[in-house]
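**Q** Please see the structure below; I have some questions.
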Amino acid sequence: MADDGSTATGADADPRGRRPTLRSGPGRVLVAVYAVFALSAGARALVQVLTDFSAAPLAYLLSAFAAAVYVVATVALVRSSERSRRVALVSVGVELVGVVTVGLLSVEDPVAFPDATVWSGFGAGYGYVPLVLPVLGLWWLVSQRPRRVV
Amino acid sequence: MLFPFAVVLGALSLALAAWSLVGALRAARPSGGQLLLAAVLEVLVLVQAAVAVVYVVTGTRPVSTATFAGYLLTVVVLLPVGVFWGLADRSRWGNGVLAITAVTTAVLVLRLEQIWNG
Numbered sequence: 003m004a005d006d007g008s009t010a011t012g013a014d015a016d017p018r019g020r021r022p023t024l025r026s027g028p029g030r031v032l033v034a035v036y037a038v039f040a041l042s043a044g045a046r047a048l049v050q051v052l053t054d055f056s057a058a059p060l061a062y063l064l065s066a067f068a069a070a071v072y073v074v075a076t077v078a079l080v081r082s083s084e085r086s087r088r089v090a091l092v093s094v095g096v097e098l099v100g101v102v103t104v105g106l107l108s109v110e111d112p113v114a115f116p117d118a119t120v121w122s123g124f125g126a127g128y129g130y131v132p133l134v135l136p137v138l139g140l141w142w143l144v145s146q147r148p149r150r151v152v
Numbered sequence: 002m003l004f005p006f007a008v009v010l011g012a013l014s015l016a017l018a019a020w021s022l023v024g025a026l027r028a029a030r031p032s033g034g035q036l037l038l039a040a041v042l043e044v045l046v047l048v049q050a051a052v053a054v055v056y057v058v059t060g061t062r063p064v065s066t067a068t069f070a071g072y073l074l075t076v077v078v079l080l081p082v083g084v085f086w087g088l089a090d091r092s093r094w095g096n097g098v099l100a101i102t103a104v105t106t107a108v109l110v111l112r113l114e115q116i117w118n119g
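If you read the protein sequences in the order shown, they are chains A and B. Per my numbering: the first sequence = residues 3 to 152. Per my numbering: the second sequence = residues 2 to 119.
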């Protein structure tokens, strides 16, 4: 706990920009949740696309897209460099926009979403974790931005 | 699937999740007792997987065998990976990882049961 958030002060910054803090502490829990969602969304999309793609192409493509976003976020968090932090910021931002947009669309027009995606109903099928996760992710990623003393 | 067995698995997973959550809230690192429970849980998961494989091989199959196999493989691998990832962080956050791993295990056990029964 002693090194939480205090390692980005420049004195001990790695010249290659590795930031082990991104995947430790709260980041470690985030990686675990993102990995679970990368896996479950990915497997779900795979089954949907392979078995009956024609039933709901839009929903299934969104499933695959959501899975890709989770995979990118997971890998970026684990890599834990300053560049990967920015990659993670973008993917988690996309995730937040995605879950809100798909959530609204699926409530407004259920016909376009005959089969659920991870983000349908704001992630209700997954205990609304998909809605909370990007908010926590953004908070963590922003809190880990490098602080220049100069 | 053996329904009572799944109930025991689910209950033990939730017990581990609660234990880990309490640990995380108390800012404690994962204890030996939790690891023991995780180990017992993994053994039971392996037994369940073996039973499922025997069922499938002898002809008793769920409607979607491929999905079932995917979930089965995931639940077998999940605990070791989660414990490994959680223990690398010797702080309260290791307990957080354990809690999430345990909750996910419980959900997967439930899903396995649902898929088996169609």
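Each residue gets a CB set at the ideal place from its N, CA and C atoms; glycine is no exception.
Can you tell which of R147(A), W142(A), P132(A) has the C-alpha that lies nearest to the C-alpha of Y72(A)?
**A** It is P132(A) whose Cα lies nearest to the Cα of Y72(A).
**Q** Determine the closest residue to T102(B) out of V57(B), L38(B), I116(B), Q115(B), with distance taken between C-alpha atoms.
**A** Measuring from the Cα of T102(B), the nearest candidate turns out to be L38(B).
**Q** Quick check on the burial criterion: 16 or more other C-beta atoms within 10 angstroms. Buried or exposed for V101(A)?
**A** Classification for V101(A): buried.
**Q** Please list, in chain order, all residues of the same chain as F69(B) whose beta carbon is under 6 Å from its beta carbon, the five residues on each side excluded.
**A** The residues are P63, I116.
**Q** Tell me whether D111(A) sits in a helix, a strand or coil according to DSSP, three-state version.
**A** Residue state, collapsed to three classes: coil.
**Q** Just to make sure I have the definition right: I need the residues of chain B whose C-beta is within less than 8 Å of the C-beta of V137(A). Which are they?
**A** Simply none; closest approach about 17 Å.
**Q** For V98(B), which residues in chain A fall below 7 Å Cβ to Cβ?
**A** What V98(B) touches in chain A: R30, V31, A34.
**Q** Of all the CB atoms in chain A, is at least one closer than 8 Å to the CB of T75(B)?
**A** T75(B) counts as touching chain A.
**Q** Taking Cβ-Cβ distances below 8 Å as the criterion, which residues of the region 85 to 112 of chain B are in contact with chain A?
**A** Within the region 85 to 112 of chain B, the residues whose Cβ lies closer than 8 Å to some Cβ of chain A are W86, G87, A89, D90, S92, R93, W94, G95, G97, V98, I101, T102, T105, listed in chain order.
**Q** Determine the chain B residues that contact G93(A) at a beta-carbon separation under 8 Å, and present them in chain order.
**A** A small fix is needed here, since residue 93(A) is Ser in this sequence, not Gly. Near S93(A) there are no residues of chain B at all, since even the closest Cβ is about 20 Å away, more than 8 Å.
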